[in-house]
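Quick note on my numbering: the sequence shown kicks off at 2 and runs consecutively. Backbone N, C-alpha and C fix where the C-beta goes; we use that ideal spot for every residue, glycine too. Take a look at the structure set out below.
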Amino acid sequence: MSRGSFVLACVLLVACNKAGGDGATGQGKERGACYGNGTCDDGLQCMSEVCVRPPPADCAPVAEKLASYRLGNYAPRDERAKVVGELTAQCQAAKLTVDEGACIVKAQSRYDVAKCPRPLLEELVADGDGCQVAAATVTRVLLQELGQGGDPARVEALRPKLEAALADSCVSDLWPEEAKRCITGATSSRDMSRCEKVFPRDLGDRIGQRIKPLLEELTRAMM
């Protein structure tokens with residue numbers, strides 16, 4: 002082997018060892034090159050084409066905020082403490098960044114949390130457009146206003162169907178962002194009525210047509 006070939010082989014060997022080393026400097030990893038689309042693995046940020054770890058989130062307020070959305074504001078103290086502990090550990094394990102944590106803490110509703118880069122709550126992770134939360138809120142308020150009566154089992158069986166129909170309408174009919182935000186913050190029919198002004202009239206008609214069969218079935222179940 003000529004001297005030139007030997008040097009080239011050594012250079013290639015060193016390059017391969019660096020690329021396939023311990024993984025810490027691999028693409029998308031900490032101190033490694035960013036992916037081609039300018040992103041890195043979860044918990045890392047791309048800066049000057051290198052993946053770096055930003056300051057971590059303060060997980061205590063993050064967990065407190067998420068516990069309120071998961072349990073409500075009136076859960077027993079011991080139950081809340083348990084959930085806060087679990088969510089704190091989840092936040093730490095996920096290595097949430099300071100910006101990701103701030104997004105959750107500043108959120109004014111479940112809809113806002115769902116729009117954060119990493120919502121943490123499983124029920125919100127897949128709901129980036131906020132439609133599932135909005136649909137669940139409308140359904141909950143509707144059944145709450147109807148009260149008890151009729152066949153509870155039949156009524157409860159209609160809950161997921163109604164939620165699915167409303168979520169489908171939200172996606173397909175393009176509910177306005179302001180409308181979704183308003184609905185998600187509602188806790189009563191009075192609150193919900195205030196949201197009517199941000200719904201175009203024709204959209205309200207389309208929603209009504211989509212859920213009309215389910216509402217008729219719900220009415221029969223309540224008799």
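Alpha carbon of residue i to alpha carbon of residue j, nearest angstrom
i    : j    : result
Q93  : G33  : 22 Å
A137 : D100 : 28 Å
V85  : R202 : 42 Å
D43  : L72  : 27 Å
C183 : E124 : 19 Å
R160 : A58  : 36 Å
V53  : E217 : 56 Å
R141 : D152 : 17 Å
L215 : R221 : 10 Å
Element boundaries [beta strand (DSSP E), containing residue i]
i   : result
C52 : V51 to V53
Bounding residues of the alpha helix (DSSP H) (the contiguous stretch that carries residue i)
i    : result
Q210 : R202 to M223
Y112 : R111 to A115
L97  : Premise fails: L97 is in no alpha helix (DSSP H) and is neither H nor E.
D169 : P153 to S173
D192 : S190 to S194
R141 : C132 to L147
Secondary structure of residue i, DSSP reduced to three states
i    : result
T185 : helix
A76  : coil
A108 : coil
G86  : helix
A10  : Since pLDDT at A10 reaches only 37, below the 50 mark, its modelled position is unreliable, and the value read off the structure follows with that caveat. In the structure shown, A10 sits in a helix (DSSP, three-state: H, G or I).
According to DSSP, residues forming a beta bridge with residue i
i   : result
M48 : V51
P57 : T98
A34 : V51
Option nearest residue i by Cα separation, candidates the options
i    : options                   : result
A61  : T89, T98 and R111         : T89
K107 : Q91, C35 and E65          : E65
K162 : G151, E146, R195 and I212 : I212
A135 : G151, A154, M48 and E178  : E178
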